[in-house]
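Visitor: Have a look at this one.
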Amino acid sequence: MEAKHVWSTEGPLSRTTLPWIPVVGVIAGTVVLYVVLTGAYNIWFHPLRAYPGPWWLVANRLPYTLSVLRGTATRRAKALHEQYGHVVRINPDTLSFTSGDA
0 MEAKHVWSTE GPLSRTTLPW IPVVGVIAGT VVLYVVLTGA YNIWFHPLRA
50 YPGPWWLVAN RLPYTLSVLR GTATRRAKAL HEQYGHVVRI NPDTLSFTSG
100 DA
């Protein structure tokens with residue numbers, strides 16, 4: 000009879016759980032990489048990069064979408080205009096103007 004080591008790969012979980020761990024890791028890593036690269040593009044390479052706005056609104060749509068759902072988007076836009084001026088980038092591809100002349 001052969002002795003099993005403590006860190007043997009044989010066991011009840013080795014055939015069901017362990018094969019999925021690399022797949023979950025690859026999927027999670029791909030999602031994180033996509034979010035980071037998209038955010039970097041939106042901040043530094045997007046055609047609207049010259050317009051002012053906070054990086055956390057410019058990098059991703061999620062913060063603005065949450066403020067719309069909470070009903071605070073207009074209040075937040077007003078505060079951003081007070082801080083950044085007449086034209087503010089409030090989303091990766093959205094500008095907010097204080098007037099038609101801005």
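Under numbering that gives the first Met the number 0, think of the first position of the sequence shown as 0, with each following residue one higher. Glycine residues also receive a C-beta, built at the ideal position from the N, C-alpha and C atoms.
1) If I follow the unbroken beta strand (DSSP E) through N59, where does it start and stop?
2) Can R102 and P91 be called in contact, C-beta distance under 8 angstroms?
3) Is L56 buried or exposed, if buried means 16 or more other CB atoms sit within 10 Å of its CB?
4) Work out the CA separation of G52 and T93 for me, nearest whole Å.
5) State the Cα-Cα distance for the pair Y139 and G24, rounded to the nearest angstrom.
6) Going by the CB atoms, is the gap between A58 and G28 shorter than 8 angstroms?
7) Helix, strand or coil, according to DSSP, for R88 in the structure here?
Guide: Per the coordinate set shown:
1) Where N59 is concerned, there is no enclosing beta strand (DSSP E), given that its DSSP letter is neither H nor E.
2) Outside the displayed span of the chain (0 to 101) sits residue 102, for which this structure offers no information.
3) Buried: at least 16 other Cβ atoms inside 10 Å.
4) The straight-line gap separating the alpha-carbon atoms of T93 and G52 is approximately 11 angstroms.
5) Because the chain is modelled from 0 through 101, residue 139 falls outside the range shown and cannot be assessed.
6) Against a cut-off of 8 angstroms, the Cβ pair of A58 and G28 comes out as no contact.
7) If DSSP states are grouped into helix, strand and coil, R88 belongs with the strands.
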